Amino acid sequence: MRTIIKSLLLPLLVLVSSALQAAPKIQNWETSNGARVLFVEAHDLPMIDIRVVFDAGAARDGKTAGLAKMTSALLDQGAGGLNADEIAIGMESLGASLGGGSERDMGWLTFRSLSDRKLLNPALALFKKVLNQPDFPEEDFKREQKRMLISARYRGQKPGSIAGEKYYQLLYGDHPYASIPGGDEKSLSSLTREQLQTFYKQYYVAKNAVIAVVGDLTTKQAKKVVNDLVGKLPAGEQAPGLPEVSPLKKADKKIITHPSTQSHVLIGAPGVYRGDPDYFPLYMGNFILGGSGLVSRISDEVREKRGLSYSAYSYFSPMAKPGPFTLGLQTKNDKREEAIKVLRKTLQDFLDKGPTDKEITAARKNITGGFPMRVSSNSKIVEYLAMIGFYKLPLDYLDKFNPTIEAVTKEQIIDAFKRRVDPDKMVTVIVGGDT
Amino acid sequence: MTRRMYMRHFVTLAGLAVASVSLLVSAAQKNGAVHEYQLDNGLKLIVKEDHRAPIMVSQVWYKVGSSYEHDGITGLSHVLEHMMFKGTEKYPSGEFSRIISENGGRENAFTSSDYTAYFQTMEKSRLPVSFELEADRMRNLLIPDEEFLKEVKVVMEERRMRTDDNPQALTYEQFKATAFVSSPSRIPVIGWMDDLENMEVADLRDWYQKWYAPNNATVVVVGDVDPDEVHALAKKHFGPLKADKISPPKPRKEIKQLGQKRIVVKAPAELPFLTMGYKVPILLDAETAWEPYALDVLAGVLDGGNSARLSSQLVRGSEIAASAGAGYDMYDRLGGFFIMQGTPSAEHSVKELEEALLAQIKQMQEKPVSQAELDRVKAQIRSAKVYELDSVFYQAMQIGMLETVGIEWQELDRYSGEIDKVTPDQVIQVAKKYLVADKLTVAELDPQPIDPNKPPSRDSGAGHGH
Numbered sequence: 001m002r003t004i005i006k007s008l009l010l011p012l013l014v015l016v017s018s019a020l021q022a023a024p025k026i027q028n029w030e031t032s033n034g035a036r037v038l039f040v041e042a043h044d045l046p047m048i049d050i051r052v053v054f055d056a057g058a059a060r061d062g063k064t065a066g067l068a069k070m071t072s073a074l075l076d077q078g079a080g081g082l083n084a085d086e087i088a089i090g091m092e093s094l095g096a097s098l099g100g101g102s103e104r105d106m107g108w109l110t111f112r113s114l115s116d117r118k119l120l121n122p123a124l125a126l127f128k129k130v131l132n133q134p135d136f137p138e139e140d141f142k143r144e145q146k147r148m149l150i151s152a153r154y155r156g157q158k159p160g161s162i163a164g165e166k167y168y169q170l171l172y173g174d175h176p177y178a179s180i181p182g183g184d185e186k187s188l189s190s191l192t193r194e195q196l197q198t199f200y201k202q203y204y205v206a207k208n209a210v211i212a213v214v215g216d217l218t219t220k221q222a223k224k225v226v227n228d229l230v231g232k233l234p235a236g237e238q239a240p241g242l243p244e245v246s247p248l249k250k251a252d253k254k255i256i257t258h259p260s261t262q263s264h265v266l267i268g269a270p271g272v273y274r275g276d277p278d279y280f281p282l283y284m285g286n287f288i289l290g291g292s293g294l295v296s297r298i299s300d301e302v303r304e305k306r307g308l309s310y311s312a313y314s315y316f317s318p319m320a321k322p323g324p325f326t327l328g329l330q331t332k333n334d335k336r337e338e339a340i341k342v343l344r345k346t347l348q349d350f351l352d353k354g355p356t357d358k359e360i361t362a363a364r365k366n367i368t369g370g371f372p373m374r375v376s377s378n379s380k381i382v383e384y385l386a387m388i389g390f391y392k393l394p395l396d397y398l399d400k401f402n403p404t405i406e407a408v409t410k411e412q413i414i415d416a417f418k419r420r421v422d423p424d425k426m427v428t429v430i431v432g433g434d435t
Numbered sequence: 001m002t003r004r005m006y007m008r009h010f011v012t013l014a015g016l017a018v019a020s021v022s023l024l025v026s027a028a029q030k031n032g033a034v035h036e037y038q039l040d041n042g043l044k045l046i047v048k049e050d051h052r053a054p055i056m057v058s059q060v061w062y063k064v065g066s067s068y069e070h071d072g073i074t075g076l077s078h079v080l081e082h083m084m085f086k087g088t089e090k091y092p093s094g095e096f097s098r099i100i101s102e103n104g105g106r107e108n109a110f111t112s113s114d115y116t117a118y119f120q121t122m123e124k125s126r127l128p129v130s131f132e133l134e135a136d137r138m139r140n141l142l143i144p145d146e147e148f149l150k151e152v153k154v155v156m157e158e159r160r161m162r163t164d165d166n167p168q169a170l171t172y173e174q175f176k177a178t179a180f181v182s183s184p185s186r187i188p189v190i191g192w193m194d195d196l197e198n199m200e201v202a203d204l205r206d207w208y209q210k211w212y213a214p215n216n217a218t219v220v221v222v223g224d225v226d227p228d229e230v231h232a233l234a235k236k237h238f239g240p241l242k243a244d245k246i247s248p249p250k251p252r253k254e255i256k257q258l259g260q261k262r263i264v265v266k267a268p269a270e271l272p273f274l275t276m277g278y279k280v281p282i283l284l285d286a287e288t289a290w291e292p293y294a295l296d297v298l299a300g301v302l303d304g305g306n307s308a309r310l311s312s313q314l315v316r317g318s319e320i321a322a323s324a325g326a327g328y329d330m331y332d333r334l335g336g337f338f339i340m341q342g343t344p345s346a347e348h349s350v351k352e353l354e355e356a357l358l359a360q361i362k363q364m365q366e367k368p369v370s371q372a373e374l375d376r377v378k379a380q381i382r383s384a385k386v387y388e389l390d391s392v393f394y395q396a397m398q399i400g401m402l403e404t405v406g407i408e409w410q411e412l413d414r415y416s417g418e419i420d421k422v423t424p425d426q427v428i429q430v431a432k433k434y435l436v437a438d439k440l441t442v443a444e445l446d447p448q449p450i451d452p453n454k455p456p457s458r459d460s461g462a463g464h465g466h
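For the protein sequence lines, the chains are W and X, in the order given. The opening residue of the first sequence carries number 1 in this note's numbering; numbering runs sequentially from there. The opening residue of the second sequence carries number 1 in this note's numbering; numbering runs sequentially from there.
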């Protein structure tokens with residue numbers, strides 16, 4: 001918590017300490033119906049942030065891509081007898097805001113309100129309806145179905161989106177992660193309102209929920225708010241674990257022709273999961289390889305030295321099961337072969353020789369020195385809480401963040417990359433015009 | 001709708017909390033006092049305390065952007081922004097970013113029509129590092145030929161990515177260039193491709209000489225800092241820099257529009273798209289001071305959230321639009337523009353969407369907005385005032401932007417009071433006076449087949465590799 005930070009830190013200490021410890025104090029408990037709650041008390045601003053996360057992402061779509069996302073989109077379109085207008089007018093007249101979304105691992109709702117009880121209480125009552133009593137009105141279902149069909153077409157005119165969807169399909173094959181969160185024409189057209197209701201009943205339950213709260217509440221108040229909000233949700237069951245991801249057996253390549261001036265390139269393979277013991281060495285190694293913006297090796301080789309791309313990068317996306325390790329760039333069509341060569345060579349060099357000591361020192365300084373920015377606002381903290389809760393990371397994840405980074409060695413990075421990244425078994429997706 | 005901003009390094013604009021046009025854009029902030037200083041060389045320093053976390057953001061704002069450019073040199077301000085990382089005598093190319101990174105900092109830069117800004121977010125004790133480097137490149141940039149030749153290619157790739165391969169952005173660019181004739185508001189921030197291809201390093205050196213000086217800059221620091229210490233530090237680093245003669249840009253006022261304009265943009269796309277814009281006053285050129293605030297309220301009634309009219313009546317309700325939005329930025333330096341955009345739903349045409357949007361305007365001209373709508377707009381502003389304090393970056397951004405376009409930061413304190421004073425009748429008045437056909441430009445994206453003659457894809461690898 002930030003008030004604690006102030007009293008603990010002396011300016012002189014700050015000057016010399018890059019391993020600044022400023023993690024917020026996390027409280028956690030479980031509601032009687034089995035929802036897990038993470039809370040950080042923060043009274044500096046008279047506001048409350050709540051993020052409710054369910055294991056209800058596209059990985060739970062089954063055979064109908066788009067099911068999870070559409071369920072999430074319908075929640076505030078009618079609930080407890082109120083229609084979409086009444087819910088929106090109610091929230092916005094109180095200065096509160098309600099949001100939500102759904103990607104592969106999770107479906108979530110976000111809520112922000114001032115902490116003034118006259119505003120907070122009615123806003124929470126509306127939020128509670130949306131969370132507990134969505135009506136999935138037939139008319140709204142039909143409209144949102146059409147709008148999702150339009151979004152699918154919209155993604156189809158963007159080469160970057162086309163590449164991303166094809167990339168996940170090649171990476172994950174028949175694993176649930178291959179499902180396109182936004183769905184496609186066929187799957188969206190086949191969706192029914194009953195499917196959404198069934199999906200909601202199965203996954204939007206207490207034992208499948210994590211509730212992150214940050215803001216101007218005492219612990220006692222936070223407990224009351226959370227109990228009011230989710231206390232009546234059926235306990236249900238936690239969603240079963242997702243199937244394991246099978247590693248790629250060989251390289252694969254897909255070229256999709258698109259009338260664009262640039263080619264979008266994605267290269268990669270399944271990488272790490274949240275909580276993976278190799279995560280920190282890989283994170284730090286990748287920071288040097290392609291994760292640190294313009295000072296990374298990939299950006300230096302592709303952009304700074306050759307002017308081939310505006311954005312060239314690599315990253316690990318840790319998910320419940322191994323998410324992608326991705327290298328990517330966009331370049332004008334006739335340069336794409338050259339750019340891909342540079343990208344691959346940069347990866348190969350990194351795998352062969354590893355990072356230099358100088359690079360490790362610089363990366364360590366940036367990551368640990370930048371820690372205060374990771375937790376400098378309520379909106380950032382609430383996202384961390386949701387992530388820690390959802391992936392069942394240790395509650396001292398943030399406290400241990402800098403010491404863990406400090407402890408990563410060059411050998412660990414080299415070893416982790418050798419074991420976890422195989423450049424001969426990667427998928428390459430190219431979407432672009434003729435070269 | 002967000003400001004069109006171009007950044008040196010790609011991040012999502014949402015992550016930056018970029019000033020969005022409508023009502024949630026700004027408000028007064030009483031929590032942290034704002035301290036203003038001016039150095040002898042003309043540099044302005046504005047410091048705002050926010051002691052919630054041991055961090056600070058330091059931003060340097062220059063009064064230059066695409067609205068300072070003219071035909072033939074479009075995109076120059078933005079390319080110069082990229083070149084600002086390419087070294088000085090003291091800190092050669094790459095050193096700036098390396099040093100910031102090593103100090104745990106996050107940095108980037110952005111260019112818009114009316115400003116170019118550079119920022120670092122760092123742990124609070126690192127402010128001297130930021131000032132040292134920023135002061136150095138304010139006057140000592142080298143702009144080496146070979147670095148320029150590479151970097152301008154990067155910018156061309158940026159243009160391809162953001163505009164040329166993005167049919168809606170392409171439509172918007174041509175729409176702006178059609179609406180405005182004599183005003184530089186027509187110039188795209190990224191620049192026309194032909195101008196980028198013909199840009200020379202000498203152009204950049206001239207541009208740097210012309211605009212980069214302490215008396216054309218505002219430094220904004222927000223965070224866990226002591227204002228007087230920041231002032232002393234600024235004097236130490238920026239104080240020795242020499243002021244220069246800055247010739248303010250000529251007014252280049254837009255000529256009077258003499259009738260509606262309309263264009264069609266054909267590009268490969270899946271979906272049609274419509275964008276409409278009315279010429280309206282802005283805070284800086286308004287003859288009647290309340291008019292911009294009334295237009296802002298009007299934009300909020302149409303598009304200030306999910307309960308606003310476009311969402312509730314066109315996306316829901318008649319279901320003519322799959323998406324629809326309205327926006328107005330009264331803090332532009334030139335060329336006030338009230339914009340409406342949208343994509344029709346599958347059962348409706350662009351023409352029907354246009355008619356529906358025009359009907360919304362007509363309603364604004366004829367029927368007073370309800371008290372409930374006004375109250376909702378004002379409630380959103382009151383809460384936004386608090387929410388924005390959650391981001392030091394955003395607080396600094398508002399101050400820097402207002403100062404740089406020539407509105408003082410005190411506008412942040414005035415804004416909500418002025419909005420509170422807006423009456424339903426004033427909203428009708430501005431709708432009648434400005435949202436009229438003769439001030440309107442309409443652009444329609446006419447989607448062309450993505451690839452009618454070729455199979456959609458070809459495999460060059462065999463099967464799935466699981």
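Heads up, the beta-carbon is just placed ideally off N, CA and C, and yes, glycines get one too. Because the structure is a prediction, the values reported are computed rather than measured.
- Excluding sequence positions up to five before and after residue 90 of chain X, its CB lies within less than 6 Å of the CB of 136, all in the same chain and listed in chain order.
- Linking residue 159 of chain W to residue 36 of chain X through their CA atoms gives a straight-line distance of about 47 Å.
- Residue 177 of chain W is outside the set of residues whose beta carbon lies under 8 Å from a beta carbon in chain X.
- For the set X/147, X/213, X/204, the Cα lying nearest the Cα of residue 63 of chain X is the one of X/213.
- Among the residues facing chain X, residue 159 of chain W is included, as its CB has a counterpart in that chain under 8 Å away.
- Counting only runs of 3+ residues, the beta strand (DSSP E) found wholly inside the segment 313-390 of chain W occupies 324-332, in chain order.
- By the criterion of at least three beta-carbon pairs nearer than 8 Å, the segment 263-280 of chain X is in contact with the segment 329-347 of chain X.
- Judged by beta-carbon spacing, residue 64 of chain W lies beyond the 8 Å limit of residue 107 of chain W, meaning their Cβ atoms are not closer than that value.
- Residue environment for residue 70 of chain X: exposed (fewer than 16 other C-beta atoms within 10 angstroms of its C-beta).
- Residue-level contact check: residue 294 of chain W touches chain X, since one or more beta carbons of chain X fall below 8 Å from its beta carbon.
- Distance from the CA of residue 350 of chain X to the CA of residue 273 of chain X, rounded to the nearest whole angstrom, comes to 7 Å.
- At the C-beta level, residue 39 of chain X and residue 245 of chain X stay beyond 8 Å of one another.
- In the DSSP assignment, residue 44 of chain X forms a beta bridge with X/38, X/218.
- Residue burial is scored here from C-beta neighbours: residue 232 of chain X has fewer than 16 other C-beta atoms within 10 angstroms and is therefore classed as exposed.
- Only those residues of the segment 341-366 of chain W whose C-beta falls short of 9 Å from the nearest C-beta of chain X are listed: 361, 362, 363, 365, 366.
- Measuring C-alpha to C-alpha distances from residue 104 of chain X to each of X/372, X/125, X/416 identifies X/125 as the nearest.
- Contact with chain X is absent for residue 43 of chain W, since none of that chain's Cβ atoms lies less than 8 Å from the residue's Cβ.
- Within the same chain, 50, 57, 222, 223 come within 6 Å of residue 392 of chain X by CB-CB distance, once the 5 residues on both sides are set aside.
- Secondary structure within the segment 132-196 of chain X: the alpha helix (DSSP H) runs of 4 or more consecutive residues, fully enclosed, are 145-159, 167-179 (chain order).
- Nearest C-alpha to residue 65 of chain X among X/108, X/84, X/115: X/115.
- Annotated as distal: residue 298 of chain X and residue 330 of chain X, with beta-carbon spacing of 8 Å or more.
- In this model, residue 44 of chain X and residue 241 of chain X are separated by some 13 Å (Cα to Cα).
- Nearest Cα to residue 48 of chain X within the set X/229, X/190, X/366, X/108: X/229.
- Apart from sequence neighbours up to five positions away, the residues of its chain that approach residue 444 of chain X with a beta-carbon distance below 6 Å are 264, 274, 350, ordered along the chain.
- Closest in C-alpha terms to residue 271 of chain W, from the list W/79, W/27, W/408, W/419, comes W/419.
- The continuous beta strand (DSSP E) containing residue 429 of chain W extends over residues 427-432.
- With a cutoff of 8 Å on beta-carbon distance, residue 389 of chain X and residue 395 of chain X are scored as near each other.
- In terms of CA proximity to residue 381 of chain W, W/40 leads the group W/145, W/400, W/40, W/227.
- Rounded to whole angstroms, residue 146 of chain W and residue 348 of chain X show a C-alpha spacing of 12 Å.
- Secondary structure remark: continuous alpha helix (DSSP H) runs of at least 4 residues inside the segment 262-293 of chain W, in chain order: 279-286.
- Just so you know, the alpha carbons of residue 53 of chain X and residue 131 of chain X end up roughly 20 Å apart.
- The Cβ atoms of residue 157 of chain W and residue 271 of chain X lie closer than 8 Å to each other.
- In this structure, DSSP gives residue 60 of chain W a helical state, which the three-state scheme calls helix.
- In this structure, residue 182 of chain X keeps its C-beta atom at 8 Å or more from the C-beta atom of residue 98 of chain X.
- In this structure, residue 55 of chain X places its C-beta atom within 8 Å of the C-beta atom of residue 373 of chain W.
- Take residue 317 of chain W, set aside five residues on each side of it, and the residues of its chain with a beta-carbon closer than 6 Å to its own are 323, 324, in chain order.
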